[in-house]
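Residue numbers (my numbering), protein chains in the order written: chain A, -5 to 300; chain B, -5 to 300.
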C-alpha cells in the first residue's frame, strides 16, 4: 500500500515546555514530504528524526502565531546554506511572504532556490495542492487570527482491470481507459458486460485532516466526514473551557466530540498548553467522547491504512 | 567578589549541528542578566539551563543573520505569555525593530510590557548600556552585513576607606567622597595626609569582549586591550582561510593571534561551522597562537575573576 503517514515534530502550544516543541508535522505520502506548520526549532527536529533539510518541498502554514511559523526563516536559510536548488512551495497567510522577505532582505540573503508562494484565504476551503495521487484542501478554522487547517485526501484511483477477462472478451487496449473509469463493455453483438466483471474496485481513498488552532466548531465536519486520521488541537482540559473559548482553543473532551461527529477512524490530539506536564488527563478526558485517540508526541509516526 | 560570568547557550554557526545551538550567551553581572545574540531555540536553552524567561532585561543583537536573532520573537512571545510586565531593552541593528514589529502586528499581539529599542550603528563604538557598576560598549566588526560585538567593562570603583584612619585624623563624613575619589586630606594645620594612607585601591576592573561574526581585523585591539575574557568566533580552521575571508569569518589560528595582540587573559572560541563534528582541531590550532583558550560549549559557564 502506498505510504501515507504523519510524523509529529512538535506537540506544544505557544510556549515550549517539558521538551515539547512548538507545532510541526511531516506528512509523508509516497515519499513526498509535506510539512505542516514550522514552529521554532523545527529544523533541529528535522535533523533529529532523520528527514534532512531538503526532503521537504512543500510547507503549509496554518496561521501567523509564532508557535506555528517561527522556524521557517531558519529552515529556509539552512536549505540555502546546504545548497538547495529546487523550488520550495510555501502555502500560508498572505503576510507570511512579507515576513520572510523582510528577513532575507536585511540578512542580504539571495536564495539559490525559488520560493513559490501560495497565499491562503479564510472565506472558503480551497485546493492548495494537487498531483495525480493526492490533493490538499484548506479547512477554515476559527481562531483569534485568520487560520486554516489542511485536509489531505487521496484521489480515488481508477478501477483495476482483471487481465484474464480481457482475453475472454477479446478486449483491445484502447478500451481499457473507459473500463478503468467504470464503464461497462459492450460486445459487437450488443451484449453488455457489466464493469464489475472486468475490473475490481480501487482501494478506498484515505485522508488526513489537520485542525489547529481553533475554537471548537462544527462547520468543517461535513468536509472531513469519514476522515481516516484527524489531528485536532486540545490546548486545554474541560475545566479550562472558559479560557479555551476566550483564546479560541479546544478542550480534550471537545476534540473527541468533533472526532465522533466527523466519524473519524482515529484521532490524534496535540498543541498542549505548557501548564500541563503530564498529558494522561488529556487522553482520559478525550476518551470519554472518542475512544480511538492517541497523544501527539515528538518523533512518533502515525501510519494511515485502510 | 561581584559575580561576573558568561554562560554559553549556543556555539554553532549558521546551521545547527551535533546538538550545537546557534549563537546566544548570558552575561551575569551581579545577578543582572544580559543576553548577547538570540539564535533560534534560545528560549529552549534558557529553560534548560535554568534562567527562566524573565531574568533577562537586556538583549544585545550583533547583526541580522538569522543564526544570531531568529529566537528573539519566540522569546518575546514567551515573556509576554508568562506575564512579564517590566521593560525589555533591545539593542541591535536599526532594522531589528521593523522585523519584530511586523511579526507582532500580524500575530495581533499587543505586548503587556514595553520594549525600549536602542539601535546600533557601525561608524564607531558607542556606550549602549551603563549603570553604576558596568558599562557596555559596541565593538565595530567587519562582517558581510553591519555587525557589532559588545564589550562589557566594570567601572572602576571608588577607593576603599580605611576606617581606623578616619578616627586617627578626626575626618568627618562629608570629607569621605573626596577621599574615595583619591584626593589627599589636608589637616587644619596644613599637613597633607596622602590618600594612600587613608584608603586602599579598589579591585582592577574586569572586562569581557564578545566578537562575532567578523573577518580577522585588528581595529578593535586597542579598545579591548588587556581584556580578561575574550570570546572570538572561529567558524573555520586555517585550511579554510580563503573561505573564511570570502565569508568574513575567522579561523582558529587567527582568533588566537587576536587574543595575543589584545593581551587577553583568556579566550573562548565558538561559532563553529556545521562541517566540524569534533572541535579538538579548533582547540589545538588555536593553542599554536594563544595558550589559554577554551571551547564554547552549550551550558558551560566561564567565571571572570581578577
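Using N, Cα and C, we set each Cβ at its ideal position, and we do this for glycine too. Quick caveat, the model's predicted, so the values are computed rather than measured.
1. At a Cβ threshold of 8 Å, is residue 76(A) touching chain B?
2. Closest to residue 121(A) by CA distance: which of 100(A), 147(A), 101(A), 102(A) is it?
3. Quick one: which chain B residues come within Cβ less than 7 Å of residue 67(A)?
4. Can a CB atom of chain B be found closer than 8 Å to the CB of residue 10(A)?
5. Report the neighbours of residue 89(B) on chain A: residues whose CB is nearer than 7 Å to its CB, in chain order.
6. Note down, one range per segment and in chain order, each beta strand (DSSP E) of at least 3 residues found wholly within the stretch 69 to 115 of chain B.
7. Given a cut-off of 8 Å on the beta-carbon distance, is the pair residue 295(B) and residue 1(B) in contact?
8. Interface residues of chain A around residue 35(B) at Cβ under 7 Å?
9. When the Cβ atoms of the stretch 45 to 53 of chain B are set against those of the stretch 96 to 103 of chain B, are three or more pairs found closer than 8 Å?
10. Tell me the rounded alpha-carbon separation between residue 111(A) and residue 174(A).
11. Which residues does DSSP pair with residue 29(B) in a beta bridge?
12. Shortest alpha-carbon distance to residue 128(A) belongs to which of 298(A), 201(A), 259(A), 224(A)?
13. Taking only beta-carbon atoms, is residue 200(A) less than 8 Å away from chain B?
14. Are the CB atoms of residue 194(B) and residue 221(B) nearer to each other than 8 Å?
15. Less than 8 Å between the beta carbons of residue 134(A) and residue 144(A), yes or no?
16. Beta carbon of residue 252(A), beta carbon of residue 289(A): below 8 Å?
17. Three or more C-beta pairs closer than 8 Å, one from the stretch 227 to 247 of chain B and one from the stretch 166 to 180 of chain B: is that the case here?
18. I'd like to know whether the C-beta atoms of residue 257(A) and residue 291(A) end up nearer to each other than 8 Å.
19. Please determine if the stretch 50 to 59 of chain A and the stretch 22 to 29 of chain A are in contact, where contact requires at least 3 C-beta pairs separated by less than 8 Å.
20. Using a 10 Å radius around the Cβ and a threshold of 16 neighbouring Cβ atoms, would you call residue 172(B) buried or exposed?
21. Taking the Cβ atom as the reference point for each residue, do residue 62(B) and residue 17(B) lie within a distance shorter than 8 Å?
22. Looking at chain B, which residues of the stretch 221 to 238 of chain A have a Cβ within less than 8 Å of any of its Cβ atoms?
23. Going along chain A, which residues have a C-beta under 8 Å from residue 138(B)?
24. On the premise that residue 266(B) lies in contact with residue 35(A), defined as a C-beta separation below 8 Å, what is that separation, rounded to the nearest angstrom?
25. Does residue 292(A) have its Cβ less than 8 Å from a Cβ in chain B?
26. Would you mind stating whether residue 208(B) and residue 250(B) have Cβ atoms separated by less than 8 Å?
27. For a cutoff of 8 Å on Cβ pairs, would you count residue 131(A) as touching chain B?
28. What is the rounded straight-line gap between the Cα of residue 80(A) and the Cα of residue 204(A)?
29. Taking Cβ-Cβ distances shorter than 9 Å, what residues in chain B pair up with residue 92(A)?
30. Taking the beta strand (DSSP E) that residue 295(B) belongs to, which residues open and close that run?
31. Is residue 278(A) helix, strand or coil by DSSP?
32. Applying the 10 Å Cβ sphere with the 16-neighbour rule, what's the burial state of residue 285(A)?
33. Residue 71(A) touches chain B at which residues, Cβ-Cβ below 9 Å?
34. Comparing the CB of residue 271(B) with every heavy atom of the ligand COA, is any distance shorter than 7 Å?
35. What separation, rounded to the nearest whole angstrom, lies between the Cα atoms of residue 21(B) and residue 298(B)?
36. Which first and last residues belong to the beta strand (DSSP E) in which residue 336(A) is found?
Working from what's here:
1. At a cut-off of 8 Å between C-beta atoms, residue 76(A) counts as an interface residue with respect to chain B.
2. Comparing Cα positions, the closest option is 147(A).
3. Within chain B, the residues 60, 64 have their CB atoms less than 7 Å from the CB of residue 67(A), given in chain order.
4. Interface residue, yes.
5. Within chain A, the C-beta atoms nearer than 7 Å to that of residue 89(B) come from 100, in chain order.
6. As far as the stretch 69 to 115 of chain B is concerned, its whole beta strand (DSSP E) runs of at least 3 residues are 82 to 86, 109 to 113.
7. For the 8 Å CB-CB criterion, residue 295(B) and residue 1(B) form a contact.
8. Simply 34, 35, 38.
9. No, the stretch 45 to 53 of chain B is not in contact with the stretch 96 to 103 of chain B.
10. Residue 111(A) and residue 174(A): Cα-Cα distance of roughly 36 Å.
11. Paired residues: 20(B), 53(B).
12. Among 298(A), 201(A), 259(A), 224(A), the Cα nearest to that of residue 128(A) is on 201(A).
13. Not flagged as an interface residue toward chain B: residue 200(A), since no C-beta distance is shorter than 8 Å.
14. Their beta carbons are not under 8 Å apart, which means residue 194(B) does not touch residue 221(B) by this criterion.
15. For residue 134(A) and residue 144(A), no; Cβs fall outside 8 Å.
16. Using a Cβ distance threshold of 8 Å, residue 252(A) and residue 289(A) do not count as a contacting pair.
17. Because the criterion of three Cβ pairs below 8 Å is not met, the stretch 227 to 247 of chain B and the stretch 166 to 180 of chain B do not touch.
18. No; because the gap between Cβ atoms is not below 8 Å, this pair is not in contact.
19. Result yes; three or more Cβ-Cβ pairs closer than 8 Å.
20. Classification for residue 172(B): exposed.
21. In this structure, residue 62(B) sits near residue 17(B), with a CB-CB distance shorter than 8 Å.
22. Per Cβ criterion, the list is empty.
23. Near residue 138(B) (Cβ distances below 8 Å), the residues of chain A are 102.
24. Between residue 266(B) and residue 35(A) the Cβ distance is about 19 Å, and since that is not below 8 Å, they are no contact.
25. Contact with chain B is absent for residue 292(A), since none of that chain's Cβ atoms lies less than 8 Å from the residue's Cβ.
26. No, they are not a contact pair.
27. So no, residue 131(A) is outside the interface.
28. If you draw a straight line from the Cα of residue 80(A) to the Cα of residue 204(A), it comes to about 26 Å.
29. Residues of chain B whose Cβ lies closer than 9 Å to the Cβ of residue 92(A) are, in chain order, 96, 100.
30. Counting along the chain, the unbroken beta strand (DSSP E) around residue 295(B) starts and ends at 295 to 297.
31. Assignment of residue 278(A) by DSSP, reduced to helix, strand and coil, places it in the helix class.
32. That one is exposed.
33. Result: 8, 9, 59, 60, 61, 64.
34. The ligand COA is not part of the structure shown, which contains no ligands of any sort.
35. Their backbone Cα atoms lie some 10 Å apart in a straight line.
36. Absent from the structure is residue 336(A), since the part of chain A shown begins at -5 and ends at 300.
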